[in-house]
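One structure below.
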Amino acid sequence: MSPLLREAWVGPGSALREAWLAVRGRRMAQALFVQPGAVWSYALEAPHDAVRHDHLAAWCAAHPHSQAHLVLSGLATHDLVVQDPTLPLHDAAAVAAWAAHQFVHYHGNAAQHWPVAPWMAGGRCGATAIHGVDLAALQLAAAAQAVRLRAVRSWWAVALAAVTQQVPALASAVALQVLLVESTLLTQVSCSGGAVRDVQQRWLDSPTVPALHTLLQELVPAEGASAALLLGYGLEEATPAALQALPARVLGALNGDCPALQWVAP
Amino acid sequence: MRRWPQPDFLARGPRRPRLAWLVLATGGLACALGATDLLGLRQDLEREARQLARLRAAEPAAPREGARPNGSVAAAATAQRGKETLRVNAAWQVQQRLAYRWELLFAGVESASPPGVQWLALEHDGERADVRLDGRAPDVAAALQAVEALAACEGWGEVALRYVGEPVGERGTAAPEPRGGLRFELAARLAADPAVREEPLSPGRPGEAARSAWKSARGTSPPSQTGTDEPGSRP
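First to last, the sequence lines map onto chains A and B. Take the first sequence: its letters are residues 98 to 363, numbered as in this note's numbering. Take the second sequence: its letters are residues 21 to 255, numbered as in this note's numbering.
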């Protein structure tokens with residue numbers, strides 16, 4: 098490559114480099130954390146400084162023709178895991194139909210129109226439903242700016258994959274609990290033998306470390322503390338000293354308004 | 021790496037590969053057509069091979085002109101038949117020429133020639149009984165007189181003067197023309213008169229019997245003369 102070309106390519110302020118980065122940025126799907134009433138975007142240069150948007154349309158207007166995958170907060174989803182292995186659920190469609198019926202049974206007629214995403218993995222199956230955000234509105238907002246949504250997933254699934262990818266020794270643990278705290282919501286993902294056994298949502302009395310401690314004492318047995326991983330956001334006064342007393346291994350800080358990028362974009 | 025649940029609200033069901041089936045059907049159709057074409061070509065090839073074998077068996081004495089490519093077997097057979105037809109036609113034309121009593125015709129020409137007229141050449145088309153005569157006359161009047169005299173002769177008809185002019189060495193004659201004369205050319209048609217023909221042949225489309233006779237006798241002594249011959253004599 099001639100010096101002139103090299104200068105044109107890698108030089109500061111190079112138009113070619115800027116154009117290449119712009120195209121590369123559009124080709125790379127960006128992770129967006131979606132809460133009821135808020136959308137958080139992350140910058141690769143500053144993963145700890147997330148940017149809040151009131152709606153997905155605001156982010157799409159700033160990033161037309163890009164790609165994104167949405168991560169739904171536990172505040173916007175409900176989950177079911179099939180505990181009866183004798184149920185005749187042989188494919189994802191059957192699981193979705195069964196789950197839709199169960200959601201209506203537990204949450205009433207409002208659940209009739211919830212989008213349901215079934216899953217089958219590790220010999221277990223279950224489903225996630227969206228109740229806190231309007232999926233159709235999200236898709237319309239993306240389509241208006243030609244933003245391609247590559248996936249819309251619940252956070253616990255994304256965080257579970259991220260945790261086991263970053264801590265591979267835990268992936269094959271006999272019993273593993275991944276606890277996701279989002280302010281007053283605690284999502285408990287119980288795994289054993291490399292498969293998800295249950296997904297449950299618990300509520301804290303307050304978004305504080307003592308309230309979380311009280312709840313964890315009920316959920317996590319004393320001998321299983323080493324296999325319980327805690328991560329999340331939204332706790333008040335989550336100082337390192339206070340977190341050390343929790344009966345679980347805490348990954349990262351638990352304060353802030355949204356999870357860290359590493360737990361959202363595996 | 022373990023596969024953890026990844027419930028995706030945008031996941032579509034298993035796509036029905038209609039396009040794949042369409043492409044498969046089109047490919048299968050193309051293969052079927054190709055196979056049919058191949059079978060047809062093979063049958064054609066076998067038929068041509070059988071025909072070639074028949075031709076070779078029918079003409080065991082025909083000289084082989086070296087190895088031919090397989091694709092031109094039919095063309096070679098056609099060319100062989102064309103050569104045979106040309107040979108038969110040429111022989112038939114010679115036979116037609118020989119059918120006239122030329123001594124009688126030449127005697128009439130010689131007796132009718134005006135003084136000073138010299139005959140240079142004669143061309144005869146056996147197929148159409150046309151005759152072209154070249155001669156030299158001292159003047160135009162002598163040439164016209166020669167035409168009238170020839171028309172009056174027995175066996176000559178439709179005599180017409182085609183050209184009268186200076187002898188400029190036309191028709192490719194390399195010899196220099198003697199000075200003091202006009203070159204003239206006349207055309208005539210020999211009458212289908214039994215008196216001037218040794219054996220009568222039907223006018224219009226003559227010679228089928230003669231052609232067949234030559235075909236049957238070509239093996240004995242095929243004549244080799246073709247086209248025009250110029251007696252170039254002075255009758």
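Glycine included, every Cβ here is placed at the ideal spot set by N, Cα and C.
Residue interval of the beta strand (DSSP E) (run including residue i)
{"i": "aspartate 229 of chain A", "result": "Note on identity: in this sequence residue 229 of chain A is glycine, with aspartate being the wrong assignment. It is not in any beta strand (DSSP E) - glycine 229 of chain A carries neither H nor E in the DSSP assignment."}
{"i": "glycine 185 of chain B", "result": "176-185"}
{"i": "aspartate 295 of chain A", "result": "292-300"}
{"i": "valine 317 of chain A", "result": "Valine 317 of chain A -> no beta strand (DSSP E), and no H or E assigned at all."}
{"i": "glutamine 127 of chain A", "result": "127-132"}
{"i": "valine 136 of chain A", "result": "135-140"}
{"i": "phenylalanine 204 of chain B", "result": "202-210"}
{"i": "glycine 331 of chain A", "result": "Per DSSP, glycine 331 of chain A belongs to no beta strand (DSSP E) and is neither H nor E."}
Beta-carbon proximity of residue i to residue j, cut-off 8 Å
{"i": "proline 25 of chain B", "j": "valine 275 of chain A", "result": "no"}
{"i": "alanine 324 of chain A", "j": "alanine 258 of chain A", "result": "no"}
{"i": "leucine 202 of chain B", "j": "valine 151 of chain B", "result": "no"}
{"i": "leucine 283 of chain A", "j": "leucine 301 of chain A", "result": "yes"}
{"i": "leucine 309 of chain A", "j": "tryptophan 360 of chain A", "result": "no"}
{"i": "alanine 383 of chain A", "j": "alanine 193 of chain A", "result": "With chain A covering only 98 through 363, there is no way to say anything about residue 383 of chain A."}
{"i": "phenylalanine 200 of chain A", "j": "tryptophan 216 of chain A", "result": "no"}
{"i": "leucine 313 of chain A", "j": "leucine 332 of chain A", "result": "no"}
{"i": "valine 131 of chain A", "j": "alanine 173 of chain A", "result": "yes"}
{"i": "alanine 169 of chain B", "j": "proline 134 of chain B", "result": "yes"}
{"i": "leucine 358 of chain A", "j": "valine 306 of chain A", "result": "no"}
{"i": "alanine 218 of chain A", "j": "arginine 32 of chain B", "result": "no"}
{"i": "leucine 118 of chain B", "j": "alanine 208 of chain B", "result": "no"}
{"i": "leucine 235 of chain A", "j": "alanine 256 of chain A", "result": "no"}
{"i": "alanine 248 of chain A", "j": "aspartate 28 of chain B", "result": "yes"}
{"i": "glycine 229 of chain A", "j": "proline 344 of chain A", "result": "no"}
{"i": "glutamate 178 of chain B", "j": "glycine 128 of chain B", "result": "no"}
{"i": "histidine 175 of chain A", "j": "histidine 204 of chain A", "result": "yes"}
{"i": "leucine 129 of chain A", "j": "valine 120 of chain A", "result": "no"}
{"i": "leucine 206 of chain B", "j": "arginine 182 of chain B", "result": "yes"}
{"i": "glycine 171 of chain A", "j": "glutamine 262 of chain A", "result": "no"}
{"i": "alanine 154 of chain A", "j": "alanine 214 of chain A", "result": "no"}
{"i": "glutamate 66 of chain B", "j": "alanine 94 of chain B", "result": "no"}
{"i": "serine 303 of chain A", "j": "threonine 281 of chain A", "result": "yes"}
{"i": "histidine 152 of chain A", "j": "alanine 238 of chain A", "result": "yes"}
{"i": "proline 158 of chain B", "j": "glycine 136 of chain B", "result": "yes"}
{"i": "leucine 142 of chain B", "j": "arginine 156 of chain B", "result": "no"}
{"i": "alanine 208 of chain A", "j": "alanine 226 of chain A", "result": "yes"}
Terminal residues of the alpha helix (DSSP H) in which residue i lies
{"i": "valine 275 of chain A", "result": "Segment 272-279 is the beta strand (DSSP E) holding valine 275 of chain A; no alpha helix (DSSP H) there."}
{"i": "threonine 284 of chain A", "result": "Run containing threonine 284 of chain A: none in the alpha helix (DSSP H); it sits in the beta strand (DSSP E), 282-289."}
{"i": "glutamine 71 of chain B", "result": "38-78"}
{"i": "tryptophan 360 of chain A", "result": "Segment: none, tryptophan 360 of chain A is in no alpha helix (DSSP H) and carries neither H nor E."}
{"i": "valine 260 of chain A", "result": "252-263"}
{"i": "leucine 340 of chain A", "result": "337-341"}
Residue i: contacting residues in chain D (beta-carbon distance under 9 Å)
{"i": "glycine 223 of chain A", "result": "Of the protein chains in this structure, namely A and B, none is chain D."}
Check: residue i C-beta below 7 Å from any heavy atom of the ligand MN
{"i": "alanine 234 of chain A", "result": "The ligand MN is absent from the structure shown, which contains no ligand whatsoever."}
Integer Cβ distance of residue i from residue j, believed to fall under 8 Å
{"i": "alanine 132 of chain B", "j": "alanine 172 of chain B", "result": "7 Å"}
{"i": "leucine 72 of chain B", "j": "alanine 97 of chain B", "result": "7 Å"}
{"i": "leucine 326 of chain A", "j": "valine 260 of chain A", "result": "6 Å"}
{"i": "alanine 342 of chain A", "j": "leucine 246 of chain A", "result": "Not really, about 41 Å apart at Cβ, beyond 8 Å."}
{"i": "tryptophan 253 of chain A", "j": "valine 286 of chain A", "result": "5 Å"}
{"i": "valine 296 of chain A", "j": "valine 168 of chain A", "result": "Not quite, the Cβ-Cβ distance comes to about 15 Å (not below 8 Å), so this is no contact."}
{"i": "glycine 147 of chain A", "j": "serine 138 of chain A", "result": "Position check: residue 147 of chain A holds alanine in this sequence, whereas glycine was assumed. Right, their Cβ atoms sit about 7 Å apart."}
(request) Within the segment 152-235 of chain A, note down every full alpha helix (DSSP H) run reaching 4 residues or more, in order along the chain. (result) 153-159 and 189-204, all fully within the segment 152-235 of chain A.
(message) Using a Cβ-Cβ cutoff of 7 Å, what residues of the segment 240-268 of chain A are near chain B? List them in chain order.
(response) Within the segment 240-268 of chain A, the qualifying residues are Leu246, Ala248, Val249, Arg250, Ser251, Ala254, Leu257, Ala258, Thr261 and Ala268.
(request) Select from the segment 204-221 of chain A all residues with a C-beta closer than 9 Å to any C-beta belonging to chain B, and list them in chain order. (result) For the segment 204-221 of chain A, which is checked against every Cβ of chain B, the residues closer than 9 Å are Pro212, Val213, Ala214, Pro215, Trp216, Met217, Ala218, Gly219 and Arg221.
(request) Please name the residues in the segment 283-300 of chain A whose beta-carbon is closer than 7 Å to at least one beta-carbon of chain B, in chain order. (result) Taking 7 Å as the upper bound on Cβ-Cβ separation, chain B lies near residues Gly291 and Val293 of the segment 283-300 of chain A.
(message) Under 8 Å, CB to CB, which of the residues in the segment 23-34 of chain B have a partner in chain A?
(response) Here the close residues are Arg23, Trp24, Pro25, Gln26, Pro27, Asp28, Phe29, Leu30, Ala31 and Gly33.
(request) List in chain order: all unbroken alpha helix (DSSP H) runs of 4+ residues lying wholly within the segment 133-175 of chain B. (result) 160-172, all fully within the segment 133-175 of chain B.
(message) Tell me which residues of the segment 226-238 of chain A have at least one Cβ-Cβ distance to chain B shorter than 7 Å, keeping chain order.
(response) Hits within the stretch, in order: Ile227 and Leu232.
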